[in-house]
Amino acid sequence: MRRHCLRVATDLLAETLTFARDTAMTAHTIVTVSPDGKDWREGIRISDATPSSNVLRVMHFPGYVDLSWQASFGETKLLRYRPDGFTYGQQGNFQLCVRNGMCAKVIVLSTGRLRVVI
Numbered sequence: 060m061r062r063h064c065l066r067v068a069t070d071l072l073a074e075t076l077t078f079a080r081d082t083a084m085t086a087h088t089i090v091t092v093s094p095d096g097k098d099w100r101e102g103i104r105i106s107d108a109t110p111s112s113n114v115l116r117v118m119h120f121p122g123y124v125d126l127s128w129q130a131s132f133g134e135t136k137l138l139r140y141r142p143d144g145f146t147y148g149q150q151g152n153f154q155l156c157v158r159n160g161m162c163a164k165v166i167v168l169s170t171g172r173l174r175v176v177i
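Each residue of the sequence shown is one higher than the one before, starting from 60 at the first, in this note's numbering.
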């Protein structure tokens, strides 16, 4: 059951990041993925780079999921997708852990593509 919960949360995160990348490419704009609050555990906010910085989507995870972002290089506090779908030289991974200690990673490559490791 816990493995299933981790898989569902991981799929939601991957879908949310794919939405951000796809939106950047289809709208030909910069899209920012940032914490929805002080840190990633409070959720994910996706916004565009227009002057009004429109919030496109907010994703909150169940309380039993801990989420963190570790950047290998580049901006460490947020993730930005360019209009071509690449990141701004950023690369890293989101780690999701459930209360029983099981963890998964969603790896973000500088090309903007994702790799999921459970």
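A virtual CB, placed ideally from N, CA and C, is assigned to each residue, including glycine.
C-alpha of E101 to C-alpha of P94: approximately 7 Å in a straight line. For the set T170, V175 and K136, the Cα lying nearest the Cα of D81 is the one of T170. With respect to Q129, Q150 sits apart: the two C-beta atoms are not nearer than 8 Å. Per DSSP, the unbroken beta strand (DSSP E) holding L115 starts and ends at V114 to M118. A distance below 8 Å separates the beta carbons of L76 and V165.
In the DSSP assignment, D81 falls within the alpha helix (DSSP H) that extends over R61 to A86. DSSP, reduced to helix, strand and coil, places R158 outside both helices and strands of the structure shown, so it counts as coil.
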